[in-house]
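**Student:** Line by line, the protein sequences give chains G, B and W.
Counting the first sequence from 1 gives a position; my numbering is that position plus 19.
Counting the second sequence from 1 gives a position; my numbering is that position plus 134.
Counting the third sequence from 1 gives a position; my numbering is that position plus 1.
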Amino acid sequence: MQRTVVGQRKKRYDGLAHVTGETRFVDDVFIPGTLTVKVLRSQVVKGNIRRLDTSAAASLPGVEGIVTHKDVPNNAFGLVPDQPVLAETIRYRGQPIAAVAAHDERAALKAIDQIKVEVDEEEPVFDPQEAMKPGAPKVRPEGNCYMYGEHPCRKVVFGDVEAGFKEADHIIEGEFRTNPVEHAPMETQVSLAVPEGKGRLTIYTVSQSLLFHHGLLTGILKMDKDDLRIAGLAEKALHDWKDDVHVAFRSGTVGGSFGAKNDIHADHVTALLALKTGQPVKWRWTREEETLYSTHRGGWHIRIRDGVKRDGRIVARQVTSIRDAGAYSALNTYVVDKHCFMVSGPYSIPNVYVEGYCVYTNKTPSSSMRGFGVFPATFACEMQMNKIAAQLKIDPWELRLINAYREGDQTPTRRVLDSVYLIETLQACAEKAGVKLPDRLASMTSEKREGAA
Amino acid sequence: MPTLEFRVNGRDHRVEVEIDSTLLEVLRDKLRITGPKAGCNTGDCGACSVLLDGILVRACITNALSVQGGEVITVEGLARSGKLHPLQKAFHEHYGSQCGFCTPGMLLAAKALLDQNPTPTVEEVKEAISGNLCRCTGYVKIIDSIMAASKEMSKREAG
Amino acid sequence: MKKRGVGIAAAQYPTGLAGGGDVSQAYVKVNPDGTADLFIGSVDIGQGSKTVLAQMAAEELGIPYEWVRVHNQGTDTSPICFGTFASRVTYATGNAVVEAAREARSILFEVAAPSLQATPEALDAADGKIFVRDDPGRSIGFRDVANMANIFMKKMIVGQGLFARDHSATDPDTGACDPFCTMAWAAQLVEVEVDTDTGQVEVLRMVSAFDVGGAINPMLVEGQIEGGAVMGMGAALMEDLYPHYPTPEGQPTNLNTYIIPTAVDIPKKMESVIVECPSTAGPYGAKGIGEMTANVPAPAIVSAIHDAVGVWIDEIPVTPERLLRALEKADS
Ligand code: FES
Ligand code: FES
Chain G
20 MQRTVVGQRK KRYDGLAHVT GETRFVDDVF IPGTLTVKVL RSQVVKGNIR
70 RLDTSAAASL PGVEGIVTHK DVPNNAFGLV PDQPVLAETI RYRGQPIAAV
120 AAHDERAALK AIDQIKVEVD EEEPVFDPQE AMKPGAPKVR PEGNCYMYGE
170 HPCRKVVFGD VEAGFKEADH IIEGEFRTNP VEHAPMETQV SLAVPEGKGR
220 LTIYTVSQSL LFHHGLLTGI LKMDKDDLRI AGLAEKALHD WKDDVHVAFR
270 SGTVGGSFGA KNDIHADHVT ALLALKTGQP VKWRWTREEE TLYSTHRGGW
320 HIRIRDGVKR DGRIVARQVT SIRDAGAYSA LNTYVVDKHC FMVSGPYSIP
370 NVYVEGYCVY TNKTPSSSMR GFGVFPATFA CEMQMNKIAA QLKIDPWELR
420 LINAYREGDQ TPTRRVLDSV YLIETLQACA EKAGVKLPDR LASMTSEKRE
470 GAA
Chain B
135 MPTLEFRVNG RDHRVEVEID STLLEVLRDK LRITGPKAGC NTGDCGACSV
185 LLDGILVRAC ITNALSVQGG EVITVEGLAR SGKLHPLQKA FHEHYGSQCG
235 FCTPGMLLAA KALLDQNPTP TVEEVKEAIS GNLCRCTGYV KIIDSIMAAS
285 KEMSKREAG
Chain W
2 MKKRGVGIAA AQYPTGLAGG GDVSQAYVKV NPDGTADLFI GSVDIGQGSK
52 TVLAQMAAEE LGIPYEWVRV HNQGTDTSPI CFGTFASRVT YATGNAVVEA
102 AREARSILFE VAAPSLQATP EALDAADGKI FVRDDPGRSI GFRDVANMAN
152 IFMKKMIVGQ GLFARDHSAT DPDTGACDPF CTMAWAAQLV EVEVDTDTGQ
202 VEVLRMVSAF DVGGAINPML VEGQIEGGAV MGMGAALMED LYPHYPTPEG
252 QPTNLNTYII PTAVDIPKKM ESVIVECPST AGPYGAKGIG EMTANVPAPA
302 IVSAIHDAVG VWIDEIPVTP ERLLRALEKA DS
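1) Report the neighbours of residue 177/W on chain G: residues whose CB is nearer than 7 Å to its CB, in chain order.
2) Run through chain B and tell me which residues come within less than 7 Å of residue 203/G, C-beta to C-beta.
3) Sorted by chain position, which residues of the same chain lie with C-beta nearer than 8 Å to residue 156/W's C-beta, five sequence neighbours on each side aside?
4) Would residue 41/W and residue 54/W be called neighbours here (beta carbons separated by less than 8 Å)?
5) Rounded C-beta distance between residue 208/W and residue 452/G? I'm assuming under 8 Å.
6) Please classify residue 289/B: is it buried, with 16 or more other beta-carbons within 10 angstroms of its beta-carbon, or exposed?
7) What do you reckon, is the C-beta of residue 268/B under 7 Å from a heavy atom of ligand 2?
8) In or out: residue 256/B buried (at least 16 other Cβ within 10 Å) or exposed?
9) Taking 7 Å as the line, does the beta carbon of residue 276/G fall inside it for any heavy atom of ligand 2?
10) Nearest to residue 114/G by CA position, among 120/G, 87/G, 121/G and 124/G, is which residue?
11) With a cut-off of 8 Å, does the C-beta of residue 67/W fall near any C-beta of chain B?
12) Using only CA atoms, which one of 342/G, 303/G, 297/G and 323/G lies nearest to residue 315/G?
13) Let me confirm a value: residue 43/W is counted as buried when at least 16 other C-beta atoms fall within 10 Å, else exposed. Which label applies?
14) Looking only at its own chain, which residues have a Cβ that is under 6 Å from the Cβ of residue 375/G, when we skip the five neighbours before and after it?
15) Shortest alpha-carbon distance to residue 304/G belongs to which of 233/G, 36/G, 39/G and 55/G?
16) From what residue to what residue does the beta strand (DSSP E) around residue 197/G run?
17) Using the beta-carbon of each residue, which ones in chain G are nearer than 8 Å to residue 238/B?
18) Quick one: list the residues of chain B neighbouring residue 194/W, beta-carbon separation under 9 Å, in chain order.
19) Within a Cβ cutoff of 6 Å, which residues of the same chain sit near residue 260/W, ignoring the five residues on either side of it in sequence?
20) My output table needs one value for residue 290/W: the three-state DSSP class, helix, strand or coil.
21) Does ligand 2 have a heavy atom nearer than 7 Å to the CB of residue 201/W?
22) Taking the beta carbon of residue 406/G as the centre, do at least 16 other beta carbons fall within 10 Å, making it buried, or is it exposed?
23) So is residue 259/G buried or exposed if we call it buried at 16+ other beta carbons inside 10 Å?
24) List the DSSP bridge partners of residue 207/W.
25) Can you look up residue 300/W in the DSSP assignment and give me helix, strand or coil?
26) Compare the beta carbon distance of residue 116/G and residue 71/G with 8 Å and say whether it is the shorter of the two.
27) Please list, in chain order, all residues with a C-beta atom less than 6 Å from at least one heavy atom of ligand 1.
28) Starting from the C-beta of residue 465/G, find all residues in its chain whose C-beta is less than 8 Å away, skip the five residues before and the five after it, and write them out in chain order.
29) Taking only the alpha-carbon atoms, compute the straight-line gap between residue 455/G and residue 449/G and give it to the nearest angstrom.
30) If we count Cβ pairs, one from each stretch, closer than 8 Å, do we get three or more for the stretch 267–283 of chain B versus the stretch 276–286 of chain W?
31) If you measure from the beta carbon of residue 219/W to each beta carbon in chain G, is any gap under 8 Å?
32) At least one CB of chain D closer than 8 Å to the CB of residue 393/G: is that the case?
33) Compute the minimum distance between the beta carbon of residue 232/B and the heavy atoms of ligand 4, and state whether it is under 7 Å.
34) Within the 8 Å Cβ cut-off, does residue 17/G reach chain W?
35) With 16 other CB atoms within 10 Å as the buried threshold, where does residue 287/W fall?
36) Verify the contact flag: residue 237/B, CB atom, against every heavy atom of ligand 2, threshold strictly below 7 Å.
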């Protein structure tokens with residue numbers, strides 16, 4: 020059957036709404052009586068809060084509610100539940116300590132100013148390589164490396180890398196760094212939480228992961244527990260929230276994300292303040308908050324050691340990678356996984372040994388960004404390929420074509436590949452670019468390698 | 135509170151504003167005209183771009199009282215009697231908008247250009263929208279859209 | 002002095018959550034007027050999932066794209082979706098949408114079969130018509146069937162679809178696991194001009210080839226390639242959240258200090274080739290390329306810089322400062 024819709028250059032479904040300005044982003048939703056939220060962030064990098072006094076702030080005109088760590092029923096969230104919504108122990112500069120809901124921004128900011136915090140400061144560590152050393156200041160009590168089972172790193176072990184190095188004619192090493200990058204979506208984090216009848220809390224969210232975040236938020240508010248007690252909340256609420264709170268995400272349109280909205284940044288704080296005040300509350304992050312305190316692509320340090328045959332075939336690859344996770348896990352453990360699974364590149368290498376470390380430092384937590392850990396993996400792997408090509412005086416196209424995965428090849432994680440098409444994709448790129456490949460390369464295909472099972 | 139009288143998209147408004155209110159706050163929070171977006175509030179992204187007496191300005195760094203008696207056009211005022219502006223049509227047809235957050239500001243930057251220079255070169259288009267950030271599209275299809283609109287408009291002129 | 006160089010890079014990118022276990026669901030409802038409502042839980046973050054999923058639903062139901070409405074209003078009314086990440090929505094939610102649309106369509110075929118004097122299995126649908134596959138002249142309007150089914154035959158024209166993957170644990174000693182649904186492939190050539198006096202790098206040309214498996218909407222694919230190319234270029238040359246890494250000193254605080262590409266910074270010439278090697282289990286062979294488009298430019302650009310000036314710079318972003326320092330070091 021001829022397809023009539025799929026494959027066509029159909030106009031964007033919501034394109035007309037975009038060009039007329041009718042598209043309603045979360046910040047474009049106005050509910051009467053909505054309070055404005057501002058958050059007090061730590062000036063200190065690391066330490067324990069000794070005194071936190073919100074009484075002066077709470078009595079200011081226009082202030083409807085303040086929440087601190089004392090108001091969070093279950094103050095630890097995440098894939099690895101290690102991050103507090105509002106901190107008692109400070110692990111990075113800018114960490115949220117208290118949140119205010121007030122009639123307008125002025126009042127909220129004034130209240131933030133009036134909250135008194137005293138912190139017993141501790142020595143921070145910023146460099147992941149320092150943090151890995153014994154005796155380094157501890158970012159978290161469990162240690163500065165995330166434990167994958169018994170190991171302080173994710174391991175991928177395939178074939179015998181030492182045997183591969185012995186077999187090789189050349190050993191080529193490289194060391195690469197990618198600095199942290201901010202997603203910079205044009206829409207910053209925004210959340211509008213609206214308490215409605217029957218214990219329903221509607222949250223207008225910019226989340227890109229509804230089910231995942233719903234689970235996290237329910238966990239924070241402990242709504243799935245029998246002993247549901249939102250201590251101190253609903254002081255002014257009209258409904259008895261303690262009986263039955265149901266979180267409903269409303270998801271309209273998201274103004275760009277690139278991974279920035281894959282972690283909860285604002286919905287937990289607005290949820291707490293909406294429950295506490297019984298009124299709708301909105302929190303829109305400033306661009307400065309977005310730049311400094313939202314998640315981002317963390318820094319990477321990658322060392323590669325390759326064993327290469329004279330003809331350019333790579334027979335062994337050893338990789339050690341360090342990911343700067345910042346102060347909390349967020350999605351970093353997964354980011355490191357994905358990096359380790361992919362860092363040997365789109366090439367069939369019989370012996371691979373990878374160690375990927377997820378290391379905590381006293382910085383804003385990093386997390387997912389477009390490409391997860393594969394962005395630095397691709398950078399390091401492809402830089403290394405070009406270096407090998409230069410050193411062995413092999414054409415970089417040829418180096419890739421002779422090492423490229425073929426149909427039926429196995430990845431280092433033991434996945435057998437199908438729909439392999441790197442060779443043809445390289446050829447298509449060369450052709451478009453006007454690069455003439457010699458016949459022996461131009462005629463290659465991704466069919467099973469000769470002699471392969 | 136001082137009173138601001140101005141025209142937005144052909145309609146007269148009279149609002150009380152703080153002396154330090156920005157045009158963006160008045161448009162969005164008081165008049166609920168939400169086409170202009172708050173992407174940075176520091177004048178760096180262009181998401182809040184509007185036309186003030188035909189000139190492209192950033193509403194987030196424009197003091198509201200400074201537009202006293204002025205005429206503002208936002209994205210909501212681009213379509214005329216139910217007909218899309220050629221720029222709007224072109225952005226829709228050539229996929230000049232992905233998430234859409236930069237689009238209202240981008241359209242006004244493009245309009246400001248075409249009003250002055252109906253047949254710009256690609257380089258002139260790039261220059262004209264270089265104060266409007268888009269994180270989604272890589273700008274390629276935005277530029278295509280503006281070039282297409284320019285062509286369409288000059289065809290109409292001629293026809 | 003201005004010097005030119007060329008560099009290339011290749012890449013793979015996995016579609017779907019590493020570790021598996023992720024779910025995407027869809028419902029399709031056909032109304033008496035023949036239009037369809039598609040309910041999904043996947044969020045459109047700008048990449049265009051509403052568009053491609055609507056196209057899939059329209060294709061399967063056999064109605065024009067314009068007859069489909071997409072609903073993803075939130076957790077109360079939408080089916081379940083883990084999220085928009087891991088380049089998974091076109092593939093995962095797409096599979097759910099195709100299944101849901103087919104189920105709804107099969108109900109309509111049953112209703113239409115007697116009046117077309119054929120078995121439901123012999124029917125097909127396209128462009129708002131239901132017809133006998135081997136004799137397309139024998140047809141009936143999709144609208145008429147939808148109306149008849151909903152109102153007169155008292156049927157609910159609702160289909161549901163599910164994409165779910167088993168969880169795959171990772172062996173902590175070997176890393177053995179099944180980390181993706183399918184793999185997409187890419188290659189890119191970049192030409193740059195390096196100003197050795199200022200350290201500025203200009204990308205003159207970028208040629209990209211991406212294997213998307215099956216392009217549901219080529220225009221949207223191009224949008225992903227171009228957007229990713231420019232974001233990748235930003236990470237390669239301009240964007241640095243920690244200029245004094247690893248310390249947080251001197252961090253940019255705003256878009257006037259955290260510099261992302263503007264329209265004047267983009268490559269002078271950008272060309273893309275869409276390659277299609279169908280995945281075995283993706284809808285219409287689709288794979289996910291949303292993320293990988295941003296991964297390829299950095300190594301290609303930095304290698305092109307090496308080609309131009311003979312210096313390897315192993316740290317990105319290659320800001321003018323970093324480039325000049327590297328040149329200085331190479332000189333001494
Ligand atoms: S919001 Fe005005 S320039 Fe960014
Ligand atoms: S379309 Fe998303 S920022 Fe331009």
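For each residue, glycine too, the CB sits at the ideal point set by N, CA and C.
**Tutor:** For this structure:
1) The CB of residue 177/W comes closer than 7 Å to the CB of 432 and 433 in chain G, given here in chain order.
2) Chain B residues near residue 203/G: 269.
3) For residue 156/W, where only same-chain residues beyond five positions count, the Cβ hits under 8 Å are 108, 112 and 150.
4) By the CB criterion at 8 Å, residue 41/W and residue 54/W fall inside the cutoff.
5) Confirmed, about 4 Å.
6) When all chains shown are included, residue 289/B counts as exposed.
7) Distances from the CB of residue 268/B to the heavy atoms of ligand 2 include at least one below 7 Å.
8) In summary, residue 256/B is exposed, with fewer than 16 beta-carbon neighbours lying within 10 Å of its beta-carbon over all protein chains present.
9) Checking the Cβ of residue 276/G against ligand 2 gives no.
10) Closest option to residue 114/G, Cα to Cα, is 87/G.
11) Against chain B, the CB of residue 67/W has no partner CB under 8 Å away; the residue lies outside that interface.
12) Ranking 342/G, 303/G, 297/G and 323/G by Cα distance to residue 315/G puts 342/G first.
13) When all chains shown are included, residue 43/W counts as buried.
14) Cβ neighbours of residue 375/G beyond the five flanking positions: 172, 173, 340, 355, 358 and 359.
15) Relative to residue 304/G, the option among 233/G, 36/G, 39/G and 55/G whose CA is nearest is 55/G.
16) Counting along the chain, the beta strand (DSSP E) containing residue 197/G begins and ends at 189–197.
17) Near residue 238/B (Cβ distances below 8 Å), the residues of chain G are 40.
18) Residues of chain B passing the Cβ test: none, with the nearest at roughly 16 Å.
19) Once the five neighbours on either side are set aside, the close Cβ partners of residue 260/W are 239.
20) Here residue 290/W sits in coil by DSSP.
21) No, ligand 2 has no heavy atom inside 7 Å of this Cβ.
22) Taking every protein chain shown into account, the CB of residue 406/G has 16 or more other CB atoms within 10 angstroms, so this residue is buried.
23) Caution is warranted here: a pLDDT of 47 is assigned to residue 259/G, below 50, making its placement in the model unreliable, and no coordinate value can be reported.
24) Looking at the DSSP output, residue 207/W shares a beta bridge with 191/W and 271/W.
25) Of the three classes helix, strand and coil, the one that applies to residue 300/W here is helix, per DSSP.
26) Yes, the Cβ-Cβ distance between residue 116/G and residue 71/G is below 8 Å.
27) Chain-ordered list of matching residues: 172/B, 173/B, 174/B, 175/B, 177/B, 178/B, 179/B, 180/B, 181/B, 182/B, 192/B and 194/B.
28) Cβ within range, chain order: 423, 424, 425, 426, 439, 440, 441, 442 and 443.
29) Approximately 7 Å between the Cα atoms of the pair.
30) Segments in contact, no.
31) Interface residue, yes.
32) The chain labelled as chain D is not found among the protein chains of the depicted structure, namely G, B and W.
33) You won't find ligand 4 in this model; what it holds is ligand 1 and ligand 2.
34) Past the edges of chain G, shown from 20 to 472, lies residue 17/G, and the structure says nothing about it.
35) By the neighbour-count definition (other C-beta atoms within 10 Å, threshold 16), residue 287/W is a buried residue.
36) Shortest gap from the CB of residue 237/B to any heavy atom of ligand 2: under 7 Å.
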